[in-house]
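Number of protein chains: 4
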Amino acid sequence: MNFASDNVTGVSPEIMAALSAANAGTAMPYGQDEYTQRLQPQFSDLFETEVTVFPVATGSAANALTLSVMAPPFGAIYCHARAHINTDECGAPEFYTGGAKLVTLPGSEGKIQTPDLADVLTRAGAGVVHYVQPAAVSLTQATEAGTVYTPDQIRALAEVAKRHSLYVHIDGARFANAVASLGCSPADLTWRAGVDVLCLGATKNGAMAAEAVVFFNQTLAQTFGYRRKRSGHLFSKMRFLSAQLLAYINNDLWLRNADHANRMAQKLAQGVVGLPGVKLCYPVEANEIFIELPDAVSSSLLADGFSFYPRKGANSTTIRLVAAFNTSEADVTAFIEAARRYTCEGFPSVESKA
Amino acid sequence: MNFASDNVTGVSPEIMAALSAANAGTAMPYGQDEYTQRLQPQFSDLFETEVTVFPVATGSAANALTLSVMAPPFGAIYCHARAHINTDECGAPEFYTGGAKLVTLPGSEGKIQTPDLADVLTRAGAGVVHYVQPAAVSLTQATEAGTVYTPDQIRALAEVAKRHSLYVHIDGARFANAVASLGCSPADLTWRAGVDVLCLGATKNGAMAAEAVVFFNQTLAQTFGYRRKRSGHLFSKMRFLSAQLLAYINNDLWLRNADHANRMAQKLAQGVVGLPGVKLCYPVEANEIFIELPDAVSSSLLADGFSFYPRKGANSTTIRLVAAFNTSEADVTAFIEAARRYTCEGFPSVESKA
Amino acid sequence: MNFASDNVTGVSPEIMAALSAANAGTAMPYGQDEYTQRLQPQFSDLFETEVTVFPVATGSAANALTLSVMAPPFGAIYCHARAHINTDECGAPEFYTGGAKLVTLPGSEGKIQTPDLADVLTRAGAGVVHYVQPAAVSLTQATEAGTVYTPDQIRALAEVAKRHSLYVHIDGARFANAVASLGCSPADLTWRAGVDVLCLGATKNGAMAAEAVVFFNQTLAQTFGYRRKRSGHLFSKMRFLSAQLLAYINNDLWLRNADHANRMAQKLAQGVVGLPGVKLCYPVEANEIFIELPDAVSSSLLADGFSFYPRKGANSTTIRLVAAFNTSEADVTAFIEAARRYTCEGFPSVESKA
Amino acid sequence: MNFASDNVTGVSPEIMAALSAANAGTAMPYGQDEYTQRLQPQFSDLFETEVTVFPVATGSAANALTLSVMAPPFGAIYCHARAHINTDECGAPEFYTGGAKLVTLPGSEGKIQTPDLADVLTRAGAGVVHYVQPAAVSLTQATEAGTVYTPDQIRALAEVAKRHSLYVHIDGARFANAVASLGCSPADLTWRAGVDVLCLGATKNGAMAAEAVVFFNQTLAQTFGYRRKRSGHLFSKMRFLSAQLLAYINNDLWLRNADHANRMAQKLAQGVVGLPGVKLCYPVEANEIFIELPDAVSSSLLADGFSFYPRKGANSTTIRLVAAFNTSEADVTAFIEAARRYTCEGFPSVESKA
């Protein structure tokens, strides 16, 4: 009953099967194989426009490599203060860009607000040598708070960005969950809204280790291949990355997986909202839910064998629960029942446990 | 009949099975799983000493990350002029080290010679701020010429290196082939001979995408984890890297695979040596053979559907043939027969082909 | 009547004379000259301990080079949000460190507060690979608000830093003004309070272009020479940098210059405090004063030929006035009188100006 | 009697006077001063075309910054094996470019040969992700062997470079000596021959510390300002750099200084050629001469107080003598006489010295 993250899961059966199938025979290395050749047309279909696709194995690599073609070493990249690229990648964007600066913005529910972006860009000192130069905006979709940007929200942010000649990047580690949640087309959430490059996550949503860097802005793609190679992210047996990605978008697997995860998160949220002392921190719009609850409830749940990351606050604990493509309804039900038990019926005394 | 490289192959059945087995259930991410936990003791057993092991997915990543803990940005790394790190990684070592310099050495049969290393180090200007500072020596085992360093040769080079306070790195993309060829213990070829870190390749020898960075020098391992993370090479679903590596060394799979490849290379060499106009370039000590042959023979073989990389010279063509863990004897026989046919019986005229 | 910065001034006569004197004869390059050789003993005397001194020409170079020996590429450097290294060096620390991250702290009057530092370090995730690793604290002395840290304040911050194994750096572009203001010894403000390296500014205080990087922590000095060279900051005719620095500390020139500047700033502050609509933003403890005044007053003063940097706020303008080693009392008096005239007597109408 | 380098000299009187003159009054910082404003038109006049000029203080900074706008991190920069950027800058080009690779070419008399450049570029693998990508050629003028490229030689090399879309850089630490030697116009030696950027040295030829980065290719200049700032090479009191450069080209001071140095080198060469056991290594075309002589002669000259850098060979010693703008004829004569004495009359026995 592991709700710690969607990366605690294994691989979707469809993707495992694709890996086995791709293992037949020999194939030329480094992307000169038939699987990799199929990525371009199939992703172009999916996104309803001509795209260039580069497979890589991790989300950090996808993000950092993409930012390295968007920002010069003296550039500024704007992102939410809680963005994964800012807090959880040990400085990967700084490494890949040669020292560009992440400039963070606040924003409730994990989202950058258009006026905040406009304001910081107006004061950024573009053209003045003393200051890092505005280069890119990075949006996380779904956000680190489990919310999603609507197409309109992305378009508004992208318009501000474009007005200041910035590129727009999407860290889409959970992009599938956002698409499934909004029910809109991938195109509407990306290039039609002004996005230049999408890092489309697959690993958290059923792949073994695969992410697709999808360029809508072809000019930005020009040096990506060299950068991928020199960072050690060009796989010799590339067919095994590409096969994962092909299976991922085949028959809407990515959306079916995401939809299941989203529904499990909804179910979790509905099950715990209203319990005494339990507070939902953000709207549940994807596959993550954040809840504040009494410290003792958190401890008891952990003691019961539920896995999740707790963060101790002043008077309570905030926990994150993540549902995945294969989270079972039974696990969700078990969690809800345990939460109900600990919040409603109180806690066993130390003695009774002994 | 693909002899282009050992990376045109797929995955060993044993490793594919290990990936399937590892897919059961959930596992904590980023190496906090049971597979990754088993690497340390099992590789320590294999190398007969306490080692620290970091799995990564590509050889370039393994090499560049390792060099980044061995050399400061102002450091010099000594390697053979034909070393993969110098010629085929698009500057990965320079990227990861923050700009260290590869200083190349000549050497017949792909091997650095001890006197050459001693000479260049004596003249390197250690301690003088104008010069990049000697930091590490990188040896490729098996070499880019398909030869292998003996334990004595490595020890002699390492002694020179140590005398000048340099670290010793082995790019072991084909280390298994060297061990299988020499019949010595992995320990004798590494730490007992003075090696600090081995990048042990698995991908070319039957893995899907997995390499083990094996630290004999524990001090050097201290910052590796941060560097791996910030370069995007820390896998969330790490168990799938570790499972490959465990299966790789289990029941000597790595040596059995390498031994087969080596034998196929020997067979190829024996089959073509002595054919008219055919010259073996280097001793065949691992799984690669380099032969010089008439241009027309090379062209005819390619036209017949044999895959390999030719390099056109002044009056002839040099081709590289690489045997892999699953190269069939039938393919080898077919190649030898075709080579014999084209060299001994002459070539069909253009007309007869039409 | 230029109060824009202390870098609008020229060179102290004593330093100009030293440059002329140093021009006699030949001298071996790159610091093998007698001037440079005298730095070590003379600065050791000044700081009452054995120090290692490296001359460089700019403050940004001094700071960035120093941070590069304090923080690994995956490191975190803590500084005030308004620190020059964070806002005005176009990412120099990120460049020199290979991508370390500046983590900013708030703090009234330009000073980091000890509890804030302690708090952020407790939550920094030392030892966890996902996070940049705490490496150094950088304090600006005098601060960007024209205030100064007392020895006790520095010691308290350094103690927190040491508890977490961080190095302590002082950006001392205006360190002379702080020493002159506090009347304490340079030793008390640095190594006795726990400082590892001081970047001692001279350029703003009468030099042509010279800063001394003063290492109290000798271990940190080991690679500085290579880093200075490879960044192009090792001067061939080094004697001209060293001669400036020797003249700077000779006969307390640095403190006399700073003391004059401080007094002029005090006089400015006393002259404008109490004027209608004028508000002093921070205590005036060094050679900078920040005042908030009506927009029209700021505009009128600029129109009168006074130079300073204004920052437009919602209902008023904040201006910074910087006094230098050669700011004349007459200029200060003229400024005060003009400010009094515009604030007390009102403003000429647009018509009367025409 | 110091022939060790042209950087052992002090400052030309004309430049010292210019520094004093520039010290009057205040001036806005960072290049917003009248001296810096005059650089653009005056250097455009000198080079007979519109140029963009950036002053920096050292040659290493000039070169490395320039290369950083010419080559991406995955780029290859072609230069002579003995080029200063390759051997004497502790990896500065690698640092500034973020890890680009210097690919060295041989060449007698310190010059790259056109066929060699053409050959290496043909085999460089442009467009292949495994290889660093050809980006720039760097020529040293005058060369490290004291020879000069003619306009025709530069044009031929630049044509090869342009055919492969490379930029052409000149490391002109001794460019003045080349112009004075060839008697051609600066334009003929640079942009008319296909040069994109010239790093025009002044420090070795009479300045205190000043070099002009002269952009003929304006597009390349676009990001230079940010890179200069973030590397700490933007001087606050910029007028003192610019004043040196203005005085340097005023009234042909740069050429007069260089011409004197060249003549002294010629005189030295003529004086020692033909002495027994003395061999001139290269044609003397600028202000450096390289001579091979018996070890004992070298030792005796050093013992007599002549300064120069000797390099011990198998059976003799090669010494470099550098003449400067203020090398006196008397010193030259003294050297020649001493050399004649030691080569012709033999050496005092050990006893007679006692």
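Chains as they are written, first to last, in my numbering: chain A, 1 to 354; chain B, 1001 to 1354; chain C, 2001 to 2354; chain D, 3001 to 3354. Note that CB positions come from ideal geometry on N, CA and C, so glycine has one too.
Provide the residue span of the beta strand (DSSP E) that contains residue i, from first to last.
i	result
F1215 of chain B	1211-1215
V2322 of chain C	2317-2322
R1174 of chain B	Note, R1174 of chain B: premise wrong, no beta strand (DSSP E); not H, not E.
V197 of chain A	197-201
F2054 of chain C	2052-2056
F2290 of chain C	2288-2293
List the residues that DSSP assigns as beta-bridge partners of residue i.
i	result
S3138 of chain D	D:H3169
R2340 of chain C	Bridge partners of R2340 of chain C: none, in fact.
V2 of chain A	For the sequence presented, residue 2 of chain A should be read as Asn rather than Val. Answer by DSSP bridge pairing, in chain order: A:S307.
Y2078 of chain C	C:V2103, C:V2137
K2312 of chain C	C:T2317
K3279 of chain D	D:E3292
Could you compute how far the alpha carbon of residue i sits from the alpha carbon of residue j?
i	j	result
C2344 of chain C	P2276 of chain C	7 Å
Q261 of chain A	L46 of chain A	Reading off the sequence shown, one finds Ala at residue 261 of chain A, where the question assumed Gln. For A261 of chain A and L46 of chain A, the distance between alpha carbons rounds to 21 Å.
A2247 of chain C	F2235 of chain C	18 Å
K3353 of chain D	L3321 of chain D	Residue placement at K3353 of chain D is poorly supported in this model, since its pLDDT is 42, which falls under 50; the coordinates still yield a value, given next. Straight-line Cα distance between these residues: approximately 26 Å.
L301 of chain A	K279 of chain A	16 Å
G1356 of chain B	E1159 of chain B	The requested residue 1356 of chain B is not part of the displayed model; chain B covers only 1001 to 1354.
C3199 of chain D	Y1167 of chain B	37 Å
L105 of chain A	Y78 of chain A	7 Å
E3351 of chain D	D3295 of chain D	Confidence at E3351 of chain D is low in this model, with a pLDDT of 44, below 50, so the placement of that residue should be treated as unreliable; the coordinate-derived value is given next. Those two C-alpha atoms are separated by around 19 Å.
D252 of chain A	G1183 of chain B	51 Å
P3283 of chain D	L3268 of chain D	12 Å
A3323 of chain D	A3265 of chain D	6 Å
P1029 of chain B	P1072 of chain B	31 Å
G1091 of chain B	C281 of chain A	46 Å
T26 of chain A	A62 of chain A	27 Å
R1256 of chain B	T1009 of chain B	16 Å
Q3040 of chain D	T3066 of chain D	17 Å
A100 of chain A	F3 of chain A	34 Å
Should residue i be labelled buried (16 or more other beta-carbon atoms within 10 Å of its own) or exposed?
i	result
D1196 of chain B	buried
R2311 of chain C	exposed
S1349 of chain B	Low confidence applies here, because S1349 of chain B scores a pLDDT of 45, under 50, leaving its location unreliable and the question unanswered by this model.
Q3244 of chain D	buried
A1339 of chain B	buried
Q3032 of chain D	exposed
I15 of chain A	buried
If you follow the alpha helix (DSSP H) that residue i is in, where does it begin and where does it stop?
i	result
G271 of chain A	253-272
E2014 of chain C	2013-2022
L121 of chain A	114-122
R2228 of chain C	2224-2230
D2152 of chain C	2151-2163
Inset, instruction - Using a Cβ-Cβ cut-off of less than 7 Å, give me the residues of the stretch 1077-1105 of chain B that come near chain A, in sequence order. - result: So the close ones are E1089, C1090, G1091, A1092, F1095.
Legend entry - Interface positions of the stretch 2027-2046 of chain C facing chain D (Cβ-Cβ less than 7 Å), listed along the chain: Sequence-ordered contacts of the stretch 2027-2046 of chain C with chain D read A2027, M2028, P2029 [C-beta pairs closer than 7 Å].
Inset, instruction - For the stretch 3123-3142 of chain D, enumerate the residues whose C-beta is nearer than 7 Å to any C-beta of chain A, in chain order. - result: Flagged, chain order: V3129, H3130, Q3133.
Legend entry - chain D contacts from the stretch 2207-2236 of chain C (Cβ-Cβ distance under 8 Å): From the stretch 2207-2236 of chain C, only M2208, A2209, Y2226, K2229, R2230, S2231, G2232, H2233, L2234, F2235, S2236 have a Cβ closer than 8 Å to chain D.
Inset, instruction - Could you please tell me which residues of the stretch 3052-3080 of chain D, in chain order, have their CB closer than 9 Å to any CB of chain C? - result: Answer in chain order: V3056, A3057, T3058, G3059, S3060, A3061, A3062, N3063, A3064, L3065.
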